[in-house]
Structure formats: C-alpha cells, structure tokens
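Colleague: Going by my numbering, the sequence shown runs without a break in its numbering and finishes at 236.
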Amino acid sequence: MRYLIKYTKESNIKFISHLDLMRTIQKVVRRAELPVKYSQGFNPHMALSIAQPLGVGVYSSGEYMDLILVEEMDVQEIIDRLNEKSASGIKFMTATQIPPTEPNEKKMPQAMAMIDACRYTIKINYTSVEGLEEEVKALFEKNEWITLKKSKKAEKEVNIKEFIYEFKFWVKDEALVINTVVKSGSREHLSADLLAKYIKEHTSNVDEEAFVDIKREEMYFEKGNKLVPLYNCV
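Written out as structure tokens, the structure reads:
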C-alpha cells in the first residue's frame, strides 16, 4: 500500500545535505517499525522516495515523500509512529493513502513526477530599503526577466518571468520579503536561488554579506487549470 507523506525540514537542519536527510528519514522509518516494502536482490532498498530534493541552506514546511508498506495502516498511526521516533528538525504532518489501481486504470505517478509548482518565501537583506518598494514594482512591470539558466545539458538565456505564477512582496526590517509560486517540475523549473539572484542583481543596496533566507512552503500539481497542494492528490 502506497502513502504520500508530508513533512518538514526545519531551519535548524537547513544545511544538511539531501543525502544525509534521506539517510535520517530512512532511520526514522526503521525505528518507527513500519512494515516497509523493500526491493529484491543482493542489496535491498527501502521503497521510499523524496518528491523533490531541497538545496543546501533551504528549509521547508511542505516536503513530500512516497512510502510503500506491505500492509495497510491507519494514516494517523503512521504519522504518530514517525513523529515519536523522528529526529530534530523533521516533523511529519500528514499521510495520504494512495488507492490501488484496477488493472485497466492509469497508475498515479510518484510525487516527484506530479509536481508542477512550488511556493517559496524568500527574504533578502539590504543595507538600506529606501526606494526599494518602488524598484521592485518597476521591475515586476517589465515583461522579461532575462538571465542565464543552467540545465544538465547547457546554459542559456531565458525569460524567468514566464516561470512565475504568483509574486507578492513587502519590505520589513531592512529586508525584502517575497512570497511566490514558481514552476518547479520535471518539465519546467525555476529555482528559488536563481530568482533571488536575479532580484539581488536588479535592486540597489543589497547586503552582500547576509545570507538569503529561502523557505519552501508547499508543492502543487495542476488539475483543471488550477494548482492543487500535493496532499489533495486523491
């Protein structure tokens, strides 16, 4: 039985790598004594996959993983067991049971293949915020935000504004706070790091010594021209 589980990677562990986070979650699952399915063969692997790895330095309240159990369990019991054995900085929020498909039905893809967008809160610090709000408003009125974007195959100039679904901002305590929804799937993808870099390059008085604070809030899939949180996939 397959379950989609939502969890957090909190600020105190934001510098832990994806590989270390994966190992930690696997340990938590084992300690929780869940009836996990393993692959066959010489070196069996736990049937667990992370929806979309976070960059080092980014934290989140909206991470997802797929977990396959060999027997059905109550979703609240799964969450309770995981949280009881969890490590600092990881909290399990919800579990959604993915119903088994009939022979002629289309199988629901794994979470990593479902993602179309992500919501982020980005905080950029400035030495002075005088005129910053007007700068960002003027920047957002432009139709094109051209910057270099790297892929596995090449590096090319793209208009990253086309990757933005939603963009809200406010100025608070010498910082620009952005809440945004961006394309973030296997087909089209804009990283929060690249967006923050572009904003920094096109605004004045950025505090170059300060760390950019990035938090992922939620992941979405597209359904009927609407973006729906991943936990509502069933």
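Ideal placement from N, C-alpha and C gives every residue a C-beta, glycine not left out.
Confirm, please, whether the CB-CB distance from residue 99 to residue 77 is below 9 Å.
Modeller: On the sequence shown, position 75 is the one that residue 77 refers to. On the sequence shown, position 97 is the one that residue 99 refers to. Yes.
Colleague: Tell me where the alpha helix (DSSP H) around residue 27 begins and ends.
Modeller: Here residue 27 refers to the residue found at position 25 when the sequence shown is read from its first residue. Unbroken alpha helix (DSSP H) run through residue 27: 20 to 33.
Colleague: What residue does the beta strand (DSSP E) around residue 229 start on, and which one ends it?
Modeller: Position 227 of the sequence shown, counting from 1, holds the residue named residue 229. 228 to 231 is the span of the beta strand (DSSP E), which, as asked, contains residue 229.
Colleague: How about residue 125 and residue 178: do their beta carbons lie closer than 9 Å?
Modeller: Reading the sequence shown from its first residue, position 123 is the one you call residue 125. Reading the sequence shown from its first residue, position 176 is the one you call residue 178. Cβ distance < 9 Å, so residue 125 and residue 178 count as in contact.
Colleague: If you run the structure through DSSP and keep just helix, strand and coil, what is residue 138?
Modeller: For the purposes of this step, residue 138 is taken as the residue at position 136 of the sequence shown. Here residue 138 sits in helix by DSSP.
Colleague: For residue 13, which of helix, strand or coil comes out of DSSP?
Modeller: Position 11 of the sequence shown holds residue 13. If DSSP states are grouped into helix, strand and coil, residue 13 belongs with the helices.
Colleague: For the alpha helix (DSSP H) that contains residue 80, what are its first and last residues?
Modeller: Position 78 of the sequence shown, counted from the first residue, corresponds to residue 80. Looking at the DSSP string, the run of the alpha helix (DSSP H) that includes residue 80 is 77 to 87.
Colleague: May I ask you to check if the CB of residue 181 is nearer than 8 Å to at least one heavy atom of the ligand FMN?
Modeller: The ligand FMN is not part of this structure, which contains no ligands at all.
Colleague: Are at least three pairs of beta-carbons, each pair with one atom in the region 51 to 71 and one in the region 214 to 234, less than 8 Å apart?
Modeller: These segments touch.
Colleague: Let's see if you can read the secondary structure: which residues bound the alpha helix (DSSP H) around residue 199?
Modeller: The sequence position of residue 199 within the sequence shown is 197, counting from 1. Start and end: 194 to 203.
Colleague: As a quick exercise: from 171, 144, 38, 56, pick the residue whose alpha carbon is nearest that of residue 73.
Modeller: In the sequence shown, the residue the question calls residue 73 occupies position 71. Cα-wise, what sits closest to residue 73 is 38.
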